[in-house]
Amino acid sequence: MGSWLGRQYRHPALGHLLLPLLGLKVVACLIACWLLSDDADYFQRWSLSLTAQLWDSPGAWLRTLLGDAFDHRGQRLIFHGYSNTFFIIKLLSGLNLATLGSLWANGLYLSLFGFIGGWELTKTLAQIFPRAPLGAPVVSFLLWPTVVYWTAGLTKECLLVGSGTWLLALALSRLFGTQPPRFGPVAGAVLLAYLHFKMRYFFAVLLFAALAGLVVIRVAQHLGEPEAAGCRWCYSPPRSAWAGGWVVKLVRYFASTSLPAS
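Residue numbers (full-length UniProt numbering): 1 to 262.
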C-alpha cells in the first residue's frame, strides 16, 4: 500500500489531490463506523461468527463459503439462492484474519478499496483523454456526495463501486493503450468482474455489455477495414467516443446513485 501511495503521489496531474481526497475518505469511514448502520453491524457480527468457525473447523468454513447456509455453535444463517449479503459476510470472515476482527480496520479496508477503484479510473481517463477537464472524473468518482457517503465503512457499495471503476480502468487502459496484455492486470480484471457480478449482477450485466460493445469498436478500428467487419459506423471517431462516453456515464450513474441493498 505504501509503494502504491508513493507512485500515486508522484503523478504529475493528480498527485497533489491524493492526500486531501484520501483524507476525506478516511474521515468518511470513521464517521460511518462510529454511526454504524444496522446493515454494517449485521455484516460484522456474522462475519465474526464465520471467522470463529474457520478457527474451529476450517473444513466446515470452506463448505460455508461454497454454500448458502451457516451452522456453528448453535448459530444458524440460511440464504436461499443468490445473496450479496452472505457474500460480503464471507469476505469479511476472511478479512478478519488480517484485521483481528476489528470493525474499524474492516471498514478502512473496504473504504480504501472503493477509493482505489475511483482513483484508478480517474487516472486512466486523464491519460486517455488529456484534453478533457480533469475535474470531471475527480468529482464524479471521488468527490460526489453519494459516492463518498455510500463507499465509506462496511457497505456493499464499497465493493460494488470499487470493483466497477477499477475494472473499467483496466479495460480502458488495455483498449486505448499500447502495452501488451500482462497476466497481472488480466487476472485482476477477471477477479474484479467476478466481484462486481456478485455484488450487483444487474449492474454487472449492463457494464459487461457496454464493454463488449467497446471491444468490438476497438477491434474494428485496429483492423482498419470497417466494411469487411460490417461495422462502417463503428469506425467513426465521434461514434467511438460516444461509445466510450456511454461506458463512463454508466459507471458514473451507479456510482452516484447507488443505494443500500434490501
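For each residue, glycine too, the CB sits at the ideal point set by N, CA and C.
Label Gln44 either buried or exposed according to how many other C-beta atoms from any shown protein chain fall within 10 Å of its C-beta, with 16 as the threshold for buried.
buried
With 16 other CB atoms within 10 Å as the buried threshold, where does His222 fall?
exposed
Taking the alpha-carbon of Gly67 as reference, which of Leu54, Tyr82 and Gln75 has the nearest alpha-carbon?
Tyr82
What's the C-alpha gap between Ala204 and Trp34?
31 Å
In whole angstroms, give me the CA-to-CA distance for Glu157 and Val190.
19 Å
Checking the sheet assignment: what are the DSSP bridge partners for His72?
Gln75
Any idea what DSSP makes of Gln179, helix, strand or coil?
coil
Check whether the segment 117-131 and the segment 168-178 touch, using three or more Cβ-Cβ pairs below 8 Å as the test.
yes
Touching or not, the segment 77-96 and the segment 48-64, by the rule of three or more beta carbon pairs under 8 Å?
yes
So is Arg182 buried or exposed if we call it buried at 16+ other beta carbons inside 10 Å?
exposed
Proximity below 8 Å, CB of Gly162 to CB of Gly117
yes
Taking the alpha-carbon of Cys29 as reference, which of Val215, Leu134, Thr155 and Ala132 has the nearest alpha-carbon?
Thr155
By the 10 Å Cβ neighbour count, where 16 or more other Cβ atoms means buried, how is Ser3 classified, buried or exposed?
exposed
Quick check on Ala169: does DSSP put it in helix, strand or coil?
helix
Close beta carbons around Thr99, own chain, < 8 Å, minus the five adjacent residues each side
Ala105, Asn106 and Tyr109
Can you tell me which of the three DSSP states Pro226 falls into?
Bear in mind that a pLDDT of 49 at Pro226, under 50, signals an unreliable position, so the model cannot answer this.
Where does Gly135 sit, in a helix, a strand or coil, going by DSSP?
helix
Are Leu192 and Trp166 touching if we call contact CB-CB under 8 Å?
yes
Output needed for Leu50: all residues of its chain with C-beta closer than 7 Å, excluding positions within five of it in sequence on either side, in chain order.
Trp61, Thr64, Phe70, Ile89, Lys90 and Ser93
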